[in-house]
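Structure, as structure tokens:
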Amino acid sequence: MMEWDYTKADEIEKNCPPKVGIMFGIKVKQVIDNRNVGDYALADRQAINWKCGNFDLDSVLLQYVSPKQGMRLLDVACGNGHHTRLYAKKIGNKGTIVGIDQSASLIQDAIKAARQEELDLRYQVAFADPLPFEDNAFDVVTCNYALYHFEDMDGALSQMVRVLAPLGRIILTGPSSLNNQEIFDFHKSIGLEVSASVGRERFELGVRRYFSQQGMTVREEHYENRIQFESEREFANYYLKTRLFTDHVDQTNHEWIMANIERLIASESGQFLILNKRITLFEISLR
């Protein structure tokens with residue numbers, strides 16, 4: 021297999037339009053250190069989404085979460101804690117901000133970043149089901165771009181409801197059913213099938229179904245983030261980190277695709293250098 025010379029973070033930053041607040045607070049890193057899969061693949065993709073896109077998720081989340089002095093907030097699947105640090109600047113020392121993630125390495129990153137910013141935040145390695153907290157412990161529970169990865173979404177949602185105080189709110193973000201259409205089109209254009217198990221609609225349908233059964237008030241909003249890739253290589257780096265590739269392409273095809281992907285993209289005359297990320301946000305109110 022060919023040596024894979026991945027684009028470096030500073031090269032991606034130079035080619036992307038300026039944007040305040042990189043998603044997860046990290047630079048886009050090289051993929052050559054096995055970041056295509058595992059804990060960091062999602063974080064790396066989202067760093068590109070918000071760095072190279074034209075949509076500011078941070079501002080939208082601040083609007084919906086509406087962090088206030090003294091608030092008790094839990095961020096489920098917090099990654100390296102970018103959003104907890106964002107909320108901390110509004111909630112202050114009198115409130116409580118907790119971030120959990122199943123990845124010990126990401127939690128270590130979160131702790132380190134909070135210390136560097138001298139923020140009093142709590143982080144721990146934990147799963148969403150069960151949540152290691154008492155009933156009615158939080159005023160707001162958030163979960164960004166993670167719920168649809170959970171094997172038991174209903175179990176995780178029921179735990180979020182359990183730890184939510186009366187009049188509390190849950191804020192969820194994730195992909196819409198038409199998200200990443202360009203990625204799927206490219207996947208098909210090189211002769212690969214899209215398995216029915218990919219289930220892009222899982223997030224939206226799962227949240228709607230669960231909370232309709234619970235009789236809770238749900239607000240649903242939709243947004244779009246237009247990403248402009250500057251080269252075939254940038255698109256290739258992104259595609260190789262997607263679960264469509266890592267989870268649904270047979271290992272026997274990996275070597276061929278990685279050796280030929282830039283040529284395959286170039287043959288489409290730049291058709292896939294623009295990616296439209298479609299985002300759904302749910303606000304659930306516990307009345």
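Under this note's numbering, the sequence shown is numbered contiguously, ending at residue 307. Even glycine gets a Cβ: it sits at the ideal position worked out from N, Cα and C. Keep in mind it's a predicted model, so treat the numbers as computed, not measured.
Can you find the residues in the same chain that come closer than 7 Å, C-beta to C-beta, to residue i, ignoring five residues on each side of it along the sequence?
{"i": "phenylalanine 170", "result": "Ala148, Ala176"}
{"i": "valine 40", "result": "Reliability of the predicted coordinates at valine 40 is poor, the pLDDT of 26 falling under 50, and the value obtained from them is presented with this limitation in mind. Result list for valine 40: empty, nothing under 7 Å."}
{"i": "histidine 207", "result": "Val214, Leu264"}
{"i": "glutamate 137", "result": "Arg105"}
On the criterion of 16 or more Cβ atoms from any shown chain inside 10 Å, does residue i qualify as buried, or is it exposed?
{"i": "lysine 297", "result": "buried"}
{"i": "leucine 187", "result": "exposed"}
{"i": "isoleucine 304", "result": "buried"}
{"i": "serine 123", "result": "buried"}
{"i": "leucine 295", "result": "buried"}
{"i": "glutamate 202", "result": "buried"}
{"i": "histidine 242", "result": "exposed"}
{"i": "tryptophan 70", "result": "buried"}
{"i": "alanine 134", "result": "buried"}
{"i": "leucine 301", "result": "buried"}
{"i": "glycine 90", "result": "exposed"}
May I ask you to list the residues that DSSP assigns as paired with residue i?
{"i": "cysteine 72", "result": "Answer is none; cysteine 72 lacks a bridge partner."}
{"i": "phenylalanine 153", "result": "Note: phenylalanine 153 sits in no beta bridge, so no partner."}
{"i": "lysine 109", "result": "Looking at the DSSP assignment, lysine 109 forms no beta bridge with any residue, so it has no partner."}
{"i": "lysine 88", "result": "According to DSSP, lysine 88 bridges with nothing at all."}
{"i": "valine 96", "result": "Ile120, Cys163"}
{"i": "phenylalanine 147", "result": "Phenylalanine 147 is not bridged to any residue."}
Return the first residue and the last residue of the alpha helix (DSSP H) that residue i is part of.
{"i": "serine 125", "result": "124-136"}
{"i": "serine 178", "result": "173-182"}
{"i": "aspartate 312", "result": "The shown model of the chain, from 21 to 307, leaves out residue 312, and the question about it has no answer."}
{"i": "arginine 263", "result": "263-266"}
Near residue i, which residues of its chain fall below 6 Å by C-beta distance, leaving aside the five closest residues on each side in sequence?
{"i": "glutamate 221", "result": "Ser197"}
{"i": "phenylalanine 249", "result": "Phe255, Leu293"}
{"i": "leucine 94", "result": "Val118, Phe158, Val161"}
{"i": "lysine 110", "result": "Pro87"}
{"i": "valine 145", "result": "Ala124, Ile127"}
Since residue i is in the beta strand (DSSP E), which residue starts that stretch and which ends it?
{"i": "asparagine 280", "result": "That residue, asparagine 280, is in no beta strand (DSSP E); its alpha helix (DSSP H) goes 271-286."}
{"i": "aspartate 140", "result": "That residue, aspartate 140, is in no beta strand (DSSP E); it is neither H nor E in DSSP."}
{"i": "leucine 167", "result": "Note, leucine 167: premise wrong, no beta strand (DSSP E); not H, not E."}
{"i": "phenylalanine 302", "result": "294-305"}
Please go through the same chain and pick out, in chain order, the residues whose beta-carbon is closer than 8 Å to the beta-carbon of residue i, but skip the five residues on each side of it.
{"i": "asparagine 280", "result": "none"}
Query raised in the report: What are the complete alpha helix (DSSP H) segments, minimum 4 residues, inside the region 187-261?
Result: 201-209, 222-234, 252-259
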